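Structure first, then comments.
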Amino acid sequence: MLPDPVKYFVYFILGSVLIIAITVIAEKKSPKIAGIIMCLPVITFLSLLFMALSQGIYFSSKAAIWNPIGAIADLVYMGLFAVGIRLPEYIGKNTDKSENDKNDRMEKIKEIISGLLFGFTGYFISILILSQFSVTNGWISLVSLWIAAIISYMIFKRMQEKKQEKKQEKKQEKKQEKKQEKKQEKKQEKLKLLSTKEIIFRGLFGGSVVAVVVILGDSIGYIWGGLFSSFPGTITPVLVLLHLKNGKGMSFNVIKSAPIGLSGTGLYSFMVWLLYPAYGIIIGTLISYLAVLGFLSLMLSDLKVRIRLENRFF
């Protein structure tokens, strides 16, 4: 068994690499694909693995039942984050839209703070409510998450559609749209090369968040350990970093496809619950991850087809 400092260092390194990779994919390839990758069971995999090594297979198997339940709270978190980042826009009444870079950055920071306050409030309230239920079967937790993921996907999609409708209503301001297009072109040119400072910042911020989440969730009972193994430790730095650089549009696009990724995380936990006691850690982990990769490859292929159709017709 790895000593605690080494274990947390592993979390930090993996968290850093993952957050850098996801943010770059979102900016250069597709926010929708990044939303799925953002919710891959990396923290869940490590949490359940280290639980099995330190406290036994059956402890980890019991904790795995609660991970999909915790993932439902992640959906609440992302939904309320999306609501929260819109709030400063309504409160501030930004009539003067010719803002400089500093004011634009301050607006984004306000939106992020509002989104985090709304998101984490909803997350912890959801966790407290969900922890009151008695769940002893992996099938129940998986089905519950998948139902919640389908509902969330439909809600997130509708939120995006409403946002697009509002943009169409404001087509009168053609000059401002041209300015925004020029700004976006400049941003895309800047995105071609990420600075060393930016990569280091993303890695340090993302890795630190992941490591802190794991330390806080460690040495707790299997119920809370399982719930906190789905803590939005990867989701939060990805949303913060992307929003800070690209604004609300990027955040909405990433959040929209996140329920698909969380469905894969729930499947992984379900497989751990099913396979760890029967086949042990190595075979159980291998088969669980293969099942998730198969599931997500189907989802991704379907999503890529939809993205191509959207690009053709819209």
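Residue numbers (the working numbering): 15 to 328. Glycine included, each C-beta is placed from N, C-alpha and C at the ideal position. Only a predicted model underlies this, so the values are computations on that prediction, with no experimental measurement involved.
Beta-carbon proximity check, residue i vs residue j, cutoff 8 angstroms
i, j, result
"residue 266", "residue 173", "yes"
"residue 128", "residue 98", "yes"
"residue 302", "residue 285", "yes"
"residue 85", "residue 244", "yes"
"residue 255", "residue 37", "yes"
"residue 74", "residue 282", "no"
"residue 221", "residue 30", "yes"
"residue 263", "residue 82", "no"
Whole-number beta carbon distance between residue j and residue i, since they are thought to touch under 8 angstroms
i, j, result
"residue 294", "residue 55", "Not confirmed; about 19 angstroms, so no contact."
"residue 62", "residue 25", "Actually they are not in contact, since the Cβ atoms of residue 62 and residue 25 sit about 13 angstroms apart, beyond 8 angstroms."
Inter-residue spacing [alpha-carbon to alpha-carbon] between residue i and residue j
i, j, result
"residue 213", "residue 32", "12 angstroms"
"residue 210", "residue 271", "29 angstroms"
"residue 155", "residue 261", "34 angstroms"
"residue 248", "residue 292", "30 angstroms"
"residue 258", "residue 159", "30 angstroms"
"residue 311", "residue 118", "38 angstroms"
"residue 39", "residue 246", "19 angstroms"
"residue 20", "residue 34", "21 angstroms"
"residue 64", "residue 145", "22 angstroms"
"residue 132", "residue 251", "16 angstroms"
"residue 157", "residue 275", "15 angstroms"
"residue 297", "residue 165", "33 angstroms"
"residue 268", "residue 163", "15 angstroms"
"residue 309", "residue 315", "10 angstroms"
"residue 28", "residue 101", "33 angstroms"
"residue 76", "residue 226", "23 angstroms"
"residue 287", "residue 153", "10 angstroms"
"residue 104", "residue 126", "15 angstroms"
"residue 50", "residue 273", "7 angstroms"
"residue 78", "residue 46", "27 angstroms"
"residue 138", "residue 300", "32 angstroms"
Taking 8 angstroms as the cut-off, does the segment 146-161 touch the segment 64-73 (at least 3 CB pairs, one atom from each stretch)? Of all C-beta pairs linking the segment 64-73 to the segment 146-161, fewer than three are shorter than 8 angstroms, placing the two stretches out of contact.
Hey, is the segment 79-93 in contact with the segment 159-172, meaning 3+ C-beta pairs nearer than 8 angstroms? Because the criterion of three Cβ pairs below 8 angstroms is met, the segment 79-93 and the segment 159-172 touch.
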